[in-house]
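Numbering (this note's numbering), first residue to last: 367 to 635. Ideal Cβ placement from N, Cα and C applies to all residues, glycine included.
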Amino acid sequence: MKKILVLDLDGTLTNHKKEITPKTKAAIMEMQKQGHTVVLASGRPTRGVDPIRKELELDRYDGYTLAFNGARITRCSTNEVIYQQTLPGEIVPELFAMAKQEGIGMMTYDEQGIIANRHEDEFMDIEAMINQVQIRHFDDPTAHLTQPVNKCLGTAPVDIAPAIEKKFYDRFSDRINVSRSEAFFIELVPKGVDKAASLAKLCEILGRSRDDMIACGDGFNDISMIEFAGLGVAMENAQEPVKKVADYITRSNEEDGVAHVIHKYILAS
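Put into structure tokens, the structure is as follows:
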């Protein structure tokens, strides 16, 4: 049976330079040539996933991107959005207002890049660098949105991020999903959306079983998909809660951990 390999990007597929090593790329290309499917699953916006999608030729091999932590799935060969969830329009101004009240950064995304509040910090710069997009800062970012958004992202220093996350959770968790992808990123996505829920939808669309799925990740927002997949894999560099739910712990993202999984569980079978 052909496999579906689901890969988180930052800290999993890419190394500390945000690059895919030659060994890992070669393994991914070989499995695709053999008819297996690759899904890139990330908290990044679709635009931030696209450079890796192109590097791995997912358009040619009919792969998929799962962006915004699961809020949008795109079929690469046709560029068709096959599943999408957006935040309720009335809640987005509330998220920005609370960020201002707490003195933290808040951003969302449109086709041009990142739309953010006036709170400038290093974490916003990291998000812009990762996704290779520009940030536009506004006093009222919501006034510049022309379409529904898939995700908002809060940024807070590591020492206060857990407390800030809890405040957002306590106030909004009845209407949206609140989680952290990095120690300083607070993910705010539509209710019921996470990587596992979107992968379940993808399985339904493709008529495939999750038993055919191998999911690799390292961050808090990867826990759901690692639990969902037939084989859940944590990177050696993963957060401890991620390792606890994994079926297998592979090498780190600096040691071609993804390539190791491909050779062990896909190419060897």
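6 Å CB neighbourhood of residue i in its chain, flanking five on each side removed
{"i": "Val555", "result": "Asn435, Ala437, Lys517, Asn543"}
{"i": "Cys569", "result": "Arg576"}
Residue j beta carbon less than 8 Å from that of residue i
{"i": "Lys389", "j": "Asp584", "result": "no"}
{"i": "Arg541", "j": "Glu531", "result": "no"}
{"i": "His485", "j": "Ile496", "result": "no"}
{"i": "Ala393", "j": "His629", "result": "yes"}
{"i": "Gly479", "j": "Gln500", "result": "yes"}
{"i": "Glu423", "j": "Ile386", "result": "no"}
{"i": "Pro417", "j": "Gln498", "result": "yes"}
Cutoff 7 Å; reference residue i; Cβ partners in own chain excluding five residues on either side
{"i": "Ala563", "result": "Gly436"}
{"i": "Gly401", "result": "Lys368"}
{"i": "Arg617", "result": "Glu602, Gly623, His626"}
Buried/exposed call for residue i, threshold 16 Cβ in 10 Å
{"i": "Thr444", "result": "exposed"}
{"i": "His382", "result": "exposed"}
{"i": "Ile571", "result": "exposed"}
{"i": "Thr521", "result": "buried"}
{"i": "Lys399", "result": "exposed"}
{"i": "Arg426", "result": "exposed"}
{"i": "Asp560", "result": "buried"}
{"i": "Glu548", "result": "buried"}
{"i": "Val404", "result": "buried"}
{"i": "Thr380", "result": "buried"}
{"i": "Glu636", "result": "With the chain covering only 367 through 635, there is no way to say anything about residue 636."}
{"i": "Gly455", "result": "exposed"}
{"i": "Val624", "result": "buried"}
{"i": "Gly573", "result": "exposed"}
Proximity to residue i [Cα-Cα], best of the options
{"i": "Leu375", "options": "Val415, Glu486, Met367", "result": "Val415"}
{"i": "Val627", "options": "Val611, Glu456, Glu602", "result": "Glu602"}
{"i": "Pro514", "options": "Phe534, Phe538, Glu477, Ile526", "result": "Glu477"}
{"i": "Ile615", "options": "Val599, Ala625, Lys630", "result": "Val599"}
{"i": "Ala604", "options": "Ala595, Glu593, Ile589", "result": "Ile589"}
{"i": "Thr452", "options": "Met591, Ile418, Thr380, Lys557", "result": "Lys557"}
{"i": "Phe534", "options": "Pro417, Cys442, Ile457, Gln450", "result": "Ile457"}
{"i": "Lys610", "options": "Ile592, Lys384, Leu519", "result": "Ile592"}
{"i": "Glu488", "options": "Val524, Leu568, Pro417, Glu460", "result": "Val524"}
{"i": "Ile505", "options": "Lys384, Leu519, Asp536, Lys466", "result": "Here residue 505 is Asp; the residue named in the question, Ile, does not match the sequence. Nearest of Lys384, Leu519, Asp536, Lys466 to Asp505, Cα basis: Lys466."}
{"i": "Phe550", "options": "Leu519, Asp536, Arg537", "result": "Leu519"}
{"i": "Arg537", "options": "Asn587, Glu460, Ser635", "result": "Glu460"}
Supposed contact pair residue j and residue i - C-beta distance, whole angstroms, cut 8 Å
{"i": "His503", "j": "Asn483", "result": "7 Å"}
{"i": "Met473", "j": "Met490", "result": "6 Å"}
{"i": "Ile370", "j": "Asp577", "result": "Incorrect: roughly 10 Å between the Cβ atoms, too far for contact."}
{"i": "Ile552", "j": "Ala527", "result": "7 Å"}
{"i": "Asn619", "j": "Gly377", "result": "6 Å"}
{"i": "Ala407", "j": "Val447", "result": "Their Cβ separation, rounded to whole angstroms, is 15 Å, which puts Ala407 and Val447 out of contact at 8 Å."}
{"i": "Met397", "j": "Leu633", "result": "6 Å"}
Residues near residue i in its chain [Cβ-Cβ closer than 8 Å; skip 5 each side]
{"i": "Pro507", "result": "Phe462, Met472, Met473, Thr474, Ile481, Ala482, Asn483"}
{"i": "Thr412", "result": "Thr431, Ala433, Phe434, Arg438, Thr440"}
{"i": "Ala566", "result": "Arg576, Phe594"}
{"i": "Leu597", "result": "Met579, Ile580, Ala581, Asp613, Tyr614, Tyr631"}
{"i": "Arg419", "result": "Leu406, Asp425, Gly429, Thr431, Cys442"}
{"i": "Thr512", "result": "Asp476"}
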